[in-house]
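Q:
Protein chains: 4
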Amino acid sequence: MIIPNVNALSDEQLKEVTEIVTAFGCKVKVIRGQERHVYAIIGDERDDDMVTKLEGLPYIDRVDRIQSPHKLMDIRSSLSTHKVKLGGVTLGEEPFFCAGPCTIDPKNPNLTIETAHAVKEAGAHVLRGGVWKPRTNPYSYQGDTKALLILMEASRQTGLPVDTEVMDEEHLHLAVESGVNCLQIGARNALNYALLRQVGHAISGRDTCVLLKRSIHMGPVQEFISAAEYIVQLGNPNVILCPRGTQPALDGYRNHPDESIIPLVKERTWAPVIVDPCHAVGKASYVPAAALAAIAYGADGLCIECNIHPNKGIGDDPKQAVAPEVLRRIISQTRELWRIRRGVPGRD
Amino acid sequence: MIIPNVNALSDEQLKEVTEIVTAFGCKVKVIRGQERHVYAIIGDERDDDMVTKLEGLPYIDRVDRIQSPHKLMDIRSSLSTHKVKLGGVTLGEEPFFCAGPCTIDPKNPNLTIETAHAVKEAGAHVLRGGVWKPRTNPYSYQGDTKALLILMEASRQTGLPVDTEVMDEEHLHLAVESGVNCLQIGARNALNYALLRQVGHAISGRDTCVLLKRSIHMGPVQEFISAAEYIVQLGNPNVILCPRGTQPALDGYRNHPDESIIPLVKERTWAPVIVDPCHAVGKASYVPAAALAAIAYGADGLCIECNIHPNKGIGDDPKQAVAPEVLRRIISQTRELWRIRRGVPGRD
Amino acid sequence: MIIPNVNALSDEQLKEVTEIVTAFGCKVKVIRGQERHVYAIIGDERDDDMVTKLEGLPYIDRVDRIQSPHKLMDIRSSLSTHKVKLGGVTLGEEPFFCAGPCTIDPKNPNLTIETAHAVKEAGAHVLRGGVWKPRTNPYSYQGDTKALLILMEASRQTGLPVDTEVMDEEHLHLAVESGVNCLQIGARNALNYALLRQVGHAISGRDTCVLLKRSIHMGPVQEFISAAEYIVQLGNPNVILCPRGTQPALDGYRNHPDESIIPLVKERTWAPVIVDPCHAVGKASYVPAAALAAIAYGADGLCIECNIHPNKGIGDDPKQAVAPEVLRRIISQTRELWRIRRGVPGRD
Amino acid sequence: MIIPNVNALSDEQLKEVTEIVTAFGCKVKVIRGQERHVYAIIGDERDDDMVTKLEGLPYIDRVDRIQSPHKLMDIRSSLSTHKVKLGGVTLGEEPFFCAGPCTIDPKNPNLTIETAHAVKEAGAHVLRGGVWKPRTNPYSYQGDTKALLILMEASRQTGLPVDTEVMDEEHLHLAVESGVNCLQIGARNALNYALLRQVGHAISGRDTCVLLKRSIHMGPVQEFISAAEYIVQLGNPNVILCPRGTQPALDGYRNHPDESIIPLVKERTWAPVIVDPCHAVGKASYVPAAALAAIAYGADGLCIECNIHPNKGIGDDPKQAVAPEVLRRIISQTRELWRIRRGVPGRD
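Protein chains in written order, with the numbering used here: chain A, 2 to 349; chain B, 2 to 349; chain C, 2 to 349; chain D, 2 to 349.
(1) Quick one: measure Cβ to Cβ for residue 320/C and residue 283/C, integer angstroms, because I've assumed they're closer than 8 Å.
(2) Name the DSSP bridge partner or partners of residue 133/C?
(3) Would you tell me roughly how many angstroms separate the C-alpha atoms of residue 79/D and residue 124/C, rounded to the nearest one?
(4) Looking at chain A, is there any beta carbon in it that lies within less than 7 Å of the beta carbon of residue 21/C?
(5) Counting only beta-carbon separations shorter than 7 Å, does residue 234/A have a partner in chain F?
(6) Taking just the CA atoms, how far does residue 193/B sit from residue 214/B?
(7) According to DSSP, is residue 72/D helix, strand or coil?
(8) Name the DSSP bridge partner or partners of residue 185/D?
(9) Using only CA atoms, which one of 204/A, 177/A, 212/A lies nearest to residue 187/A?
(10) Cα separation between residue 272/B and residue 81/B?
(11) Could you confirm whether any beta carbon from chain D is found closer than 7 Å to the beta carbon of residue 261/C?
(12) Rounded to a whole number of angstroms, what is the C-alpha to C-alpha distance between residue 279/B and residue 315/B?
(13) Taking all protein chains shown into account, decide if residue 268/B is buried (16 or more other Cβ within 10 angstroms of its Cβ) or exposed.
(14) Please tell me whether residue 363/D and residue 233/D are closer than 7 Å, where the distance is taken between their beta carbons.
(15) Just to confirm before moving on: does the CB-CB distance between residue 84/C and residue 104/C stay below 7 Å?
(16) For residue 44/A, which residues from the same chain have a beta carbon less than 7 Å from its beta carbon, with the 5 sequence-adjacent residues on both sides left out?
(17) Please report the Cβ distance between residue 291/D and residue 258/D, rounded to the nearest whole angstrom; I am assuming they are in contact, meaning their Cβ atoms lie under 8 Å.
(18) In the stretch 41-69 of chain C, which residues sit with their C-beta less than 7 Å from some C-beta in chain A, listed in chain order?
(19) State yes or no: is the beta carbon of residue 249/C nearer than 7 Å to at least one beta carbon in chain A?
(20) Give a yes or no on whether 7 Å exceeds the smallest Cβ distance from residue 290/A to chain B.
(21) Got a sec, what are the start and stop residues for the beta strand (DSSP E) residue 27/D sits in?
(22) How many Å lie between residue 87/C and residue 46/A at the Cα?
(23) Contact check, residue 197/C vs residue 175/C under 8 Å by CB: the rounded distance?
(24) According to DSSP, is residue 54/D helix, strand or coil?
(25) Applying the criterion that 16 or more other CB atoms from any shown protein chain within 10 Å of the CB defines a buried residue, is residue 205/D buried or exposed?
(26) Which residue's Cα is closest to the Cα of residue 172/B: 189/B, 145/B, 162/B, 191/B?
(27) Can the beta-carbon of residue 300/C be found less than 7 Å from the beta-carbon of residue 263/C?
(28) Hey, is residue 341/B's beta-carbon within less than 7 Å of any beta-carbon in chain A?
(29) Between residue 113/C and residue 151/C, which are expected to be in contact by the criterion C-beta below 8 Å, what is the C-beta distance as a whole number of angstroms?
(30) How long is the line joining the alpha carbons of residue 132/D and residue 281/C, rounded to whole angstroms?
(31) Taking C-alpha atoms, which residue in 219/C, 217/C, 221/C, 238/C lies nearest to residue 1/C?
(32) Would you check if there are 3 or more beta carbon pairs closer than 8 Å linking the stretch 14-25 of chain B to the stretch 48-57 of chain B?
(33) Give me the residue from 178/D, 195/D, 217/D, 224/D with the minimum Cα distance to residue 209/D.
(34) What whole-angstrom Cβ distance do residue 260/B and residue 294/A have, given they're in contact under 8 Å?
(35) Which chain C residues are close to residue 299/D, counting only those with a beta carbon under 8 Å from its beta carbon?
(36) Is the CB-CB distance between residue 98/A and residue 302/A below 7 Å?
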């Protein structure tokens, strides 16, 4: 819908608008109002470039889009019945749990191995662990490829599939070749379209999943879903969306918890949503409440930092990792709330 | 703690700092670091004016406060064991529910009366209903004092105590004289300190409660609790804090849901917190999930817009009021989650 | 423009929409698209209640408004040629300056009197000074009516008209009866519609001006202009809009400077805009740059805290008040930039 | 400064704190207050990992850092007298201008060549032009390497050095090998630390500059400066910081203009700052005012989209590129304001 800043376009203006719209395979239709006319675009109005050209005209106030810009991620797309499976769970059918240490300490492999056994016993389906770490401060620990071997050994011993973050093409290929089951795109890279495309290529033809974290600053839901479209358009639709808190932070948390975005995401896309409450609140004592709230809002699962000795963990462990017995309680409460939620009208 | 922007204060600077601090009954203590010195304030560092004077000195970078600025609302204050009671419920001991129409239509008294009976049957403890309405647009419906009579009649018929918003001294006195049990301060007036003081005076010596909504733009938790301190300092401590969403809105909701603030509020104050999910999300279909999330985060209860015929309601009813059967289901699910939550470590 | 969440309304749905729209004196017109239909509202679509009712229907996605909601403040309204005059200046024709202490210290009248003479000499047209103070902390200094006498005496001696903030009906009547020339509505009260109406009534039939500060959290431009509409609708159009920074603050400032809003405000309303850079940045050393930036963005003038002895000032003086010689330099630079700006295309 | 959430650490707690701090080469010093004790860290408190470990202890409320985390970018570092030179200008000594089309159209080389001549005549020192484009929508135009040849030809004909955005390692090497003088890191990649390091390596030992755009969501100033530290630590200090507006947008602009951040940046770092007003406001008619405001706040120059035929431009051209005669007027007004600003106290 084209809204001019004049009451009606002149013949010349309408001609100019029509030329632009026609070049993108659409038509214009005048809608005559009492005081003002507006102009409908008939056809596929999703092309950003058409909209930009129209909005660049000095007599156009704005162009309101009505269609979804997501061809594959859209809830009405051909993928709308696709189910993502990971760790033996079909996401959406039962609650899914991914857990493990924030960062794998290459100097202390036993800490990761023992934590892996503990999260499995607590009920987790997938083991997470950071091999490489994006850090604001360039002088902080940035990760170590040796940690990947520890993660894969923990996977072998427990039988749990693994999830780890990749930040560039080199990590990506190492992770895929090592058999990582779920590639995590961190919040800082959620708008790094070059990396998203590389990931899309790397997993094409495989059954690898991608856990796409929401950027800490991502505003509109559409931007989040568009980022996933970059991956899915290359052939593998196994993408999972992961809200993990945004900035600016709530006064006392590490970020602003964003589990409330879930109903808005689920209205627009078929993709499963799992929440990372640890990064959202940033402190272990707040995690159980935030985890339950995510399930209340309709999350399909949780991704939780857990460590048998948080104080010995590196990365954000000491602040935000819960102990295995807390993880077990969160999983148990989640399963109870999941059953209650089944009764919420319009949700399940 | 005073942080200078120089490595150490000169004798003259330290003398100037000491004079200011002494005038407010405090002392200064130097803390000698390797590279830089900082200066501790020994005494009651809560006075804003002392801090402002110190921060106005050209060689002071900032003053970090360590003590809470809330004398009565603070969780360690003399009021810390006070329990607010309303509608037969001691808040905190069992879930509390306030429900009713957004705005009472003075032309359709039966709609309010019948809704009142319906919310009572659904399990609500208090009947809410707007008599006067703050509106961004000065030409929209602004309320009508006649509606107060309808609200009180609904209270008489159902036995439910009532809650209504007051916006100025005239409303305040009408409401108190009519026997309104809970005075609501709306989000737009949460920073209107003149009104907060008038309310504090009006309820002093009575058992009237105040439901203080969070401003739609209130940032830090401290600002919210300070607003309540304006009321409580005048003698009546029956204040209930009510998050109801903030601006800017999440893309698709009316506001940005803010139930996640509850653990932060509860760490700092003893006051009960009930959440209004309807204003947060702005659309009836999202309310059940947001209500459950509030309980997950530790809310003591809910304030919910409910109408037997939302489409005939005025104000925000048509968008965000739920039907009585949905209210009943929310109440039932809340009670179940309340029991689950009891097991959350560190919460109950 | 009504956007359904279905491809086309059913006959029954269209009937329901038509009934609502007709009740508000408008008509509906179907706009048939290739895939989806949208529905134009023909008539005055500004009524919030009509829009709310439509958006409450389960099959309506949203209602996009095309007309301005401001009857009098709109740039195309009957008031569009109105010029506000204050302190001998017709706002918009030459740069306007209001200056003075943050808060008048009732115990030190000479500080205000001498500062008044200094700001006059520096080139200010109006003397500002706080008599009553809204404070987040209820235990901080809240103002003193005695300060009003000092302000009026400073006005008598210098011949400068005065500006002071009013926060409730009592202040309002004291200020109007004392002959205050410009009533300031502070940021915390910019959404206090009861007070805005009281001010509108009090100045009706007088030539008093109102300086309406922007709320520290006010989002959309429309909300700011609507607040002014509450005053102007009661008869006196001498309202001046005053951006003064918003929250959340920029990391290091007191607020987030918001002078960049000016071109957006000036596109929508005829009202003059003067900027308060002191509250925006919160520290005297940043004020000159922020003042110039306001003029760059098209401000009609500035409101600046100035004190001959900032360290002795109360309120926010010590941090953010500039010395008279800095005020003089700001005024001189403003006049130079005003002349440069005349050449900016599309601005003057 | 370590702030516990208890009045004083127990001997055991102090021992645990001391062990952590000692492991990072620091010492702890107790500061005894009247009611509470705090604990100073004596030594280099900048290590994030030490802070995280301390904050992970259950009895620690927070750790306030006093030192800057930037070793090289800090205004007091060894680089503090470094001057960046580009296009014949020593940044900071005279106003610097970079201008050119948003996106180079590979199908219309003449548009870029003619625009290059026009921006040179208008007074620009560097020619900008997008070869590759990051786009939210994966189906929009993503750029074309052929455009790089056009950009270099325009450089050859005009003698202007060139600036273009690189988004991955492949672009980076193509750009460096082609002789691009200034590599632009776009807002979406400002937190892509892998790319920042690749850029740092690629320019090490060359005199290439980097124009680092501020992320559209970057909050604190420190995060922006830390991103630059990633580049500079690899040997080449020719980095220029470029604010270009943040999200959420001001109601009517493309982004929220952020020129007001400049004084805060300049207090912390020696690096030059140039502003991109076009992306900030998103519409050509607002650009001249935003450009002047940037200079008022202390910008060392401007980066402006300019096109001889904006309507024929691709990318964001049609909306936000100014015509060459507007660029010429902005440059002339900037030079005048630069001279006025010299008189602003504490700035030059």
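Here a beta-carbon is modelled for each residue, glycine too, at the ideal position from N, C-alpha and C.
A: According to the structure shown:
(1) 6 Å
(2) 144/C
(3) 44 Å
(4) no
(5) In the displayed structure, chain F is absent; the protein chains listed are A, B, C and D.
(6) 12 Å
(7) coil
(8) 166/D, 212/D
(9) 212/A
(10) 8 Å
(11) yes
(12) 15 Å
(13) exposed
(14) Look at the range of chain D in this structure, 2 to 349, and you will see that residue 363/D is not part of it.
(15) no
(16) 26, 27, 28
(17) 6 Å
(18) 41, 43, 44, 65, 67
(19) yes
(20) yes
(21) From DSSP, residue 27/D is part of no beta strand (DSSP E); its letter is neither H nor E.
(22) 51 Å
(23) Contact flag wrong, Cβ pair sits at about 18 Å.
(24) helix
(25) exposed
(26) 145/B
(27) yes
(28) yes
(29) 5 Å
(30) 39 Å
(31) This structure cannot speak to residue 1/C, because chain C is shown only from 2 to 349.
(32) yes
(33) 178/D
(34) 7 Å
(35) 290
(36) yes
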